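Q: Take the sequence shown: its letter number 131 is residue 130 in numbering that gives the first Met the number 0, and every next letter is one higher.
Built from N, CA and C at the ideal position, the CB exists for glycine as well.
Just so it is clear, the structure is predicted and the values come from calculations on it, not from any experiment.
Please see the structure below; I have some questions.
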Amino acid sequence: MPSCLCGYLWPVKDVAALLLAAGRSRRMGAFKPLLPFGDVTVIETCINNLRGADVSEIVVVVGHRANEIQKHLESYELRFALNPDSKSEMGESIRRGVEHISEDAKCLLIALVDHPAVSSATIKTIVSARQRGARLVQPEHAGRGGHPVLIDFSYHDELLNLDPGTGLRSFFDAHRTEVLRLPVESPYVARDMDTWEDYLALHAEVLGREPATKSSRFP
0 MPSCLCGYLW PVKDVAALLL AAGRSRRMGA FKPLLPFGDV TVIETCINNL RGADVSEIVV
60 VVGHRANEIQ KHLESYELRF ALNPDSKSEM GESIRRGVEH ISEDAKCLLI ALVDHPAVSS
120 ATIKTIVSAR QRGARLVQPE HAGRGGHPVL IDFSYHDELL NLDPGTGLRS FFDAHRTEVL
180 RLPVESPYVA RDMDTWEDYL ALHAEVLGRE PATKSSRFP
């Protein structure tokens with residue numbers, strides 16, 4: 000596939016995004032994508048942040064409770080990819096998602112559903128790193144790497160063949176000299192939302208209040 004490094008200014012429409020939401024949220028004790036985040040859900044917040052960064056092509060990778068997520072998002076213009084093995088590592092979800100990305104895409108953002116606080120402005124900053132000639136971009140805050148990462152689609156075949164155990168980690172290690180570690184102001188690129196306590200703290204920090212579900216776990 001052609002690289003996105005064919006000029007200086009690129010149309011945003013050639014940037015696609017994978018939003019990974021196939022897991023079971025075991026550590027959370029509640030189903031993470033459908034938890035409230037402000038007036039919408041966690042997964043809707045992630046989608047709205049991508050849309051706000053002018054990313055028009057979004058493929059959501061679903062697995063556990065896939066039908067519920069698809070029904071919940073039926074008003075959005077999205078495509079879905081299914082990873083039926085909710086116990087698999089991230090690499091399998093990426094592979095399933097890449098298979099659904101259109102041929103128009105030149106670069107790929109890989110975003111995580113447990114990063115709803117990564118704003119549209121931060122995503123735009125990551126995408127704009129293409130103007131530096133960057134083919135692989137990982138945002139970092141205070142030296143900690145995070146997501147979403149930006150990957151030139153010339154790596155398409157490698158993304159379809161990620162190591163099942165180490166996934167993006169081994170991919171980025173193999174291309175270390177090509178990776179732009181991009182400092183960003185937002186600490187949320189490196190802030191996972193793994194536990195119920197993480198969720199409550201993040202919601203309060205970002206939105207200034209606790210979520211409506213603070214007293215009990217959602218099913």
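Taking the beta strand (DSSP E) that Leu34 falls in, what are its first and last residues?
A: In the sequence shown, counting from the first residue as 1, residue 34 sits at position 35. No beta strand (DSSP E) holds Leu34; DSSP gives it neither H nor E.
Q: Based on DSSP bridge pairs, tell me the residues matched to Ala65.
A: Here residue 65 refers to the residue found at position 66 when the sequence shown is read from its first residue. Looking at the DSSP assignment, Ala65 forms no beta bridge with any residue, so it has no partner.
Q: May I have the straight-line CA-CA distance separating Glu56 from Gly28, to the nearest angstrom?
A: Reading the sequence shown from its first residue, position 57 is the one you call residue 56. Reading the sequence shown from its first residue, position 29 is the one you call residue 28. Near 31 Å, if we compare the C-alpha coordinates of Gly28 and Glu56.
Q: Per DSSP, which one or two residues make a beta bridge with Ala110?
A: As a first step, residue 110 is located in the sequence shown; it is residue number 111 there, counting from the start. In the DSSP output, where bridge partners are listed per residue, Ala110 has Leu18.
Q: Whether or not the stretch 179 to 198 and the stretch 134 to 149 are in contact is what I'm after, with contact meaning three or more pairs of Cβ atoms, one per stretch, closer than 8 Å; do they touch?
A: Yes, they touch.
Q: Under the rule that 16 or more other beta-carbon atoms within 10 Å means buried, what is Arg23, buried or exposed?
A: Taking the sequence shown and counting its residues from 1, one reaches residue 23 at position 24. Arg23 is exposed by the Cβ-count criterion.
Q: Please go through the same chain and pick out, in chain order, the residues whose beta-carbon is closer than 8 Å to the beta-carbon of Thr171, but skip the five residues on each side of it.
A: Looking up residue 171 in the sequence shown gives position 172. One point to set straight first is that residue 171 is Phe, not Thr, in the sequence displayed. Taken in chain order, the residues that qualify are Leu135, Gln137, Val148, Val178.
Q: If Val59 sits next to Ala15, beta carbons under 8 Å apart, how far is it from one beta carbon to the other, in whole angstroms?
A: Here residue 59 refers to the residue found at position 60 of the sequence shown. Here residue 15 refers to the residue found at position 16 of the sequence shown. With a Cβ gap of about 12 Å, Val59 and Ala15 do not count as contacting.
Q: Within 10 angstroms of its Cβ, does Lys70 collect 16 or more other Cβ (buried), or is it exposed?
A: Here the question's residue 70 lines up with position 71 in the sequence shown. Answer is exposed; the Cβ neighbour count stays below 16.
Q: Inspect the beta-carbon positions of Ser119 and Ala52 and report whether they are closer than 8 Å.
A: If you number the sequence shown from 1, residue 119 lands on position 120. If you number the sequence shown from 1, residue 52 lands on position 53. Cβ atoms of Ser119 and Ala52: closer than 8 Å.
Q: How many whole angstroms separate the CB atoms of Leu49 and Ile109, which I take to be in contact at a CB cut-off of 8 Å?
A: Locating residue 49 in the sequence shown gives position 50, counting from the first residue. Locating residue 109 in the sequence shown gives position 110, counting from the first residue. Going by Cβ atoms, the distance from Leu49 to Ile109 rounds to 11 Å, so no, they are not a contact pair.
Q: To test your reading of the DSSP string, which unbroken beta strand (DSSP E) runs of 3 or more residues are found completely within the stretch 115 to 142?
A: Qualifying beta strand (DSSP E) stretches, in chain order: 135 to 140.
Q: Taking Cβ to Cβ, would you say Leu111 is nearer than 8 Å to Glu67?
A: Along the sequence shown, one-based indexing puts residue 111 at 112. Along the sequence shown, one-based indexing puts residue 67 at 68. Not a contact, by the Cβ cut-off of 8 Å.
Q: What residues match up with Glu56 in a beta bridge as DSSP calls it?
A: Sequence index remark: in the sequence shown, residue 56 carries index 57 (1-based). DSSP output for Glu56 lists Ala15 as bridge partner(s).
Q: Would you say the stretch 122 to 133 touches the stretch 192 to 209, given that touching needs at least three Cβ pairs under 8 Å?
A: They do not touch, by the three-pair rule.
Q: Using DSSP's beta-bridge definition, name the partner residues of Gly144.
A: The residue labelled residue 144 in the question sits at position 145 within the sequence shown. Beta-bridge pairing links Gly144 to Glu139.
Q: Which stretch, first to last residue, makes up the alpha helix (DSSP H) that contains Tyr94?
A: On the sequence shown, residue 94 is found 95 positions in, with the first residue counted as 1. Correcting the residue type first, residue 94 is Arg in the shown sequence and not Tyr. Its alpha helix (DSSP H) spans residues 89 to 97.
Q: Under 6 Å Cβ to Cβ from Gly144, same chain only, skipping five residues before and after it: list those, please.
A: Sequence index remark: in the sequence shown, residue 144 carries index 145 (1-based). Same-chain partners within the cutoff: Gln137.
Q: So Arg180 is in the beta strand (DSSP E); what residue range does that whole segment cover?
A: If you number the sequence shown from 1, residue 180 lands on position 181. Arg180 -> beta strand (DSSP E) spans 178 to 182.
Q: Please list, in chain order, all residues of the same chain as Phe36 whose beta carbon is under 6 Å from its beta carbon, the five residues on each side excluded.
A: Along the sequence shown, read from residue 1 onward, the residue named residue 36 stands at position 37. Same-chain partners within the cutoff: Thr44, Pro115.
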